[in-house]
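Q:
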Amino acid sequence: MAKLAVPLLILFFLLSFIPSQAALPLHTPIQKDHSTGQYIITAYLKTPLKVTKLLLDLGATYSWVNCDDYISSTYQHIACNSSIANSLSAYACMDTCEDPPGPNCGNNSFSFLLDNPIKAVDYRKVNGINAALVDTLALPNTQGSLVSISNFIFSCARTGFLKGLAKGVTGLAALGNSNLSIPVQINKAFPSSPNCFAMCLSGSTSQPGLVLLGSKGPYNFLQGIDLSKSLLYTPLIFNPLGRDSDPNTHRLSPEYYVGLTSIKVNGKMVALNKALLAIDGQSASPSFNLTTTKPVKPFGVCYPASAVKNTQMGPAVPIIELVLDRQDVVWKMFGSNSMVRVTKKSVDLWCLGFVDGGGIDGPSIVIGGQQLEDNLLQFDLQSKKLGFSSSILSKGTNCADFKFSTGKI
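Numbering (the working numbering), first residue to last: 40 to 448.
1. CA-CA distance, residue 372 and residue 346?
2. Kindly indicate which residue of 335, 247, 360 has the alpha-carbon position closest to the one of residue 67.
3. Using the Cβ count rule (16 or more neighbours within 10 Å means buried), how would you classify residue 120?
4. If you run the structure through DSSP and keep just helix, strand and coil, what is residue 113?
5. With residue 223 as the anchor, note down where its alpha helix (DSSP H) starts and where it stops.
6. So for residue 440, helix, strand or coil by DSSP?
7. Mind reading off the beta-carbon distance from residue 362 to residue 301? Whole number of angstroms is fine, and I expect it under 8 Å.
8. Excluding five sequence neighbours on each side, which residues of the same chain lie with their C-beta closer than 8 Å to the C-beta of residue 352?
9. If I follow the unbroken beta strand (DSSP E) through residue 429, where does it start and stop?
10. For residue 294, which option in 101, 239, 360 has the closest C-alpha, if you only look at C-alpha atoms?
11. Among 72, 366, 81, 99, which has the Cα closest to the Cα of residue 449?
12. Does DSSP put residue 198 in a helix, in a strand, or in coil?
13. Taking only the alpha-carbon atoms, compute the straight-line gap between residue 178 and residue 189 and give it to the nearest angstrom.
14. Can the beta-carbon of residue 207 be found closer than 8 Å to that of residue 98?
15. Roughly how many angstroms separate the alpha carbons of residue 438 and residue 296, rounded to a whole number?
16. Residue 130 to residue 194, Cα distance in whole Å?
17. With DSSP run on the structure shown, which of helix, strand or coil describes residue 417?
18. Any idea if residue 48 is buried or exposed, counting beta-carbon neighbours within 10 angstroms, 16 or more meaning buried?
19. Taking residue 181 as the reference, give the member of 406, 260, 200, 416 with the closest Cα.
20. Bridge partners of residue 210, per DSSP?
21. How should residue 148 be labelled, buried or exposed, when 16 other C-beta atoms within 10 angstroms of its C-beta is the threshold for buried?
22. What's the C-alpha gap between residue 219 and residue 72?
23. Which runs of the beta strand (DSSP E) fall wholly inside the segment 148-207 and span at least 3 residues, in chain order?
24. Whole angstroms is fine: what's the gap from residue 314's alpha carbon to residue 240's?
25. Have a look at 287, 253, 369, 124 and flag the residue whose alpha-carbon is nearest the alpha-carbon of residue 306.
26. Leaving out five residues on either side along the sequence, give the residues of the same chain with a beta carbon under 7 Å from the beta carbon of residue 262.
27. Does DSSP put residue 69 in a helix, in a strand, or in coil?
28. In the DSSP assignment, what residue or residues form a beta bridge with residue 387?
29. Assuming residue 1 and residue 334 are in contact, meaning their beta carbons sit under 8 Å apart, how far apart are those beta carbons, in whole angstroms?
30. In the structure shown, what three-state DSSP assignment does residue 351 receive?
31. Have a look at 160, 96, 109, 412 and flag the residue whose alpha-carbon is nearest the alpha-carbon of residue 86.
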């Protein structure tokens, strides 16, 4: 059976500090901004270190930060003829910049061409060529102390790139499959640690999830549960034609893909077509054995909330099963991941949380944040495989239940 490619999916304290040889893993909370649906991580940048909120992007090549008010005693531009620039040969060099000298501008310095994954940038008004910088990045380890990377590579960005981002966010954190992503740069700084990171998006309206960097486990959550023991694995696929790819230099897209062989709803095989999750041209609602009501955009299938029971796993609807590279490797999506509650004015609905992406050139199915909440994912970049838990609500825990260190941060 042919396979479809599915991309996975976008305070300032006195800090205890330990040198760069400190033990991994590192971690940082992931907070959902409910006004935008964006997932935000907290990192520490600059000298002196300052808390920086960044949009999490699983498909980005490199991180970027607004440098219009960037003040740090340790930042450096990357010279065009430097060894670092030579290793990043697919990008650009700025011989002479037009702006005053500063983080945003350095003569004979390496540059990136940026984009904003949330809102398209008008390059007629905002300069898309932005200076690359090297500066200090720090994240907490699981003992509660900050661990620093002194030569973290990222891009500056003008204020115009912040449009559409959640309030207080000043940049983007790249977690894609790239030599410049945060996980890979951490692995370069600590080569004895696994080139691996894990992510758990919280379904809580107030409590954060987390990302763990440089560890294959254990992943200890409350109730004494080690979720590394609950993972199934499927190969990661890397696309030569996706986002940020370059066929001329053989640079692959940083997005993560997995192979999908079939979909089941309520144990029954679904015939895949352009209207995803449709059965022989009809909506998937007959499988749910529920009476639909007028849908609310952008959703195509909705049910009255009063007709749907609530359970530990979310609304009581049939399980959606994604059968991956083998018949025994199945990603199960329960109601908490497949359904979205819509309440406004006189409307109270549960809607099927899959929408038509509208494109014909992109991947067949995109797994978004709603589908990932309270699922533990492990991205093993060394072995090129994805570990996934399905919903950890079935284990009696959730992504907000990670046992963060009680150390002073």
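Backbone N, C-alpha and C fix where the C-beta goes; we use that ideal spot for every residue, glycine too.
A: Taking the definition as stated:
1. If you number the sequence shown from 1, residue 372 lands on position 333. If you number the sequence shown from 1, residue 346 lands on position 307. Their Cα atoms are separated by approximately 20 Å.
2. On the sequence shown, position 28 is the one that residue 67 refers to. The residue with the shortest Cα to Cα distance from residue 67 is 247.
3. Numbered from 1 along the sequence shown, position 81 holds the residue referred to as residue 120. Per the 10 Å Cβ criterion, exposed.
4. Locating residue 113 in the sequence shown gives position 74, counting from the first residue. Three-state result, residue 113: coil.
5. Against the sequence shown, residue 223 aligns to sequence position 184. Where residue 223 is concerned, the enclosing alpha helix (DSSP H) stretches over 221-228.
6. Position 401 of the sequence shown, counting from 1, holds the residue named residue 440. Helix, per DSSP.
7. Mapped onto the sequence shown, residue 362 falls at position 323. Mapped onto the sequence shown, residue 301 falls at position 262. So it is a contact: roughly 4 Å between Cβ atoms.
8. Here the question's residue 352 lines up with position 313 in the sequence shown. Counting only Cβ-Cβ distances below 8 Å, and skipping sequence neighbours, we find 373, 374, 375, 430, 432, 433.
9. Here the question's residue 429 lines up with position 390 in the sequence shown. That run of the beta strand (DSSP E) goes 424-430.
10. Here residue 294 refers to the residue found at position 255 of the sequence shown. The option with the nearest alpha carbon to residue 294 is 101.
11. Within the shown structure, residues of the chain are numbered from 40 to 448, placing residue 449 beyond reach of any answer.
12. Working through the sequence shown from its first residue, we reach residue 198 at position 159. Residue state, collapsed to three classes: helix.
13. Sequence index remark: in the sequence shown, residue 178 carries index 139 (1-based). Sequence index remark: in the sequence shown, residue 189 carries index 150 (1-based). Going from the Cα of residue 178 to the Cα of residue 189 covers about 12 Å.
14. Numbered from 1 along the sequence shown, position 168 holds the residue referred to as residue 207. Numbered from 1 along the sequence shown, position 59 holds the residue referred to as residue 98. The answer is no: Cβ separation not under 8 Å.
15. Working through the sequence shown from its first residue, we reach residue 438 at position 399. Working through the sequence shown from its first residue, we reach residue 296 at position 257. In a straight line, the C-alpha of residue 438 is about 23 Å away from that of residue 296.
16. By one-based count along the sequence shown, residue 130 stands at place 91. By one-based count along the sequence shown, residue 194 stands at place 155. Looking at the two C-alpha atoms, the distance is approximately 12 Å.
17. Within the sequence shown, the letter at position 378 stands for residue 417. Correct three-state label for residue 417: strand.
18. The residue labelled residue 48 in the question sits at position 9 within the sequence shown. With a pLDDT of 46 at residue 48, under the threshold of 50, the modelled position of that residue is not reliable, and no figure is offered here.
19. For the purposes of this step, residue 181 is taken as residue 142 along the sequence shown, with counting starting at 1. Comparing Cα positions, the closest option is 260.
20. Locating residue 210 in the sequence shown gives position 171, where the first residue counts as 1. BP columns for residue 210 point to 104.
21. Counting from one through the sequence shown, the residue named residue 148 turns up at place 109. Per the 10 Å Cβ criterion, buried.
22. Working through the sequence shown from its first residue, we reach residue 219 at position 180. Working through the sequence shown from its first residue, we reach residue 72 at position 33. Rounded to whole angstroms, residue 219 to residue 72 spans 26 Å at the Cα level.
23. 148-152, 168-179, 185-196
24. Here the question's residue 314 lines up with position 275 in the sequence shown. Here the question's residue 240 lines up with position 201 in the sequence shown. Confidence is the limiting factor: at residue 314 the pLDDT is only 40, short of 50, which leaves the residue's position unreliable, though a coordinate-based value still follows. Rounded to the nearest angstrom, the two C-alpha atoms are 27 Å apart.
25. By one-based count along the sequence shown, residue 306 stands at place 267. Closest option to residue 306, Cα to Cα, is 369.
26. Translated into the one-based positions of the sequence shown, residue 262 becomes position 223. Closer than 7 Å at Cβ, skipping near neighbours: 435, 436.
27. Along the sequence shown, read from residue 1 onward, the residue named residue 69 stands at position 30. Strand.
28. For the purposes of this step, residue 387 is taken as residue 348 along the sequence shown, with counting starting at 1. In the DSSP output, where bridge partners are listed per residue, residue 387 has 382.
29. This structure leaves residue 1 out entirely; the chain is present only between 40 and 448.
30. Along the sequence shown, one-based indexing puts residue 351 at 312. Note: residue 351 maps to coil in three-state DSSP.
31. Working through the sequence shown from its first residue, we reach residue 86 at position 47. Nearest option by C-alpha distance: 109.
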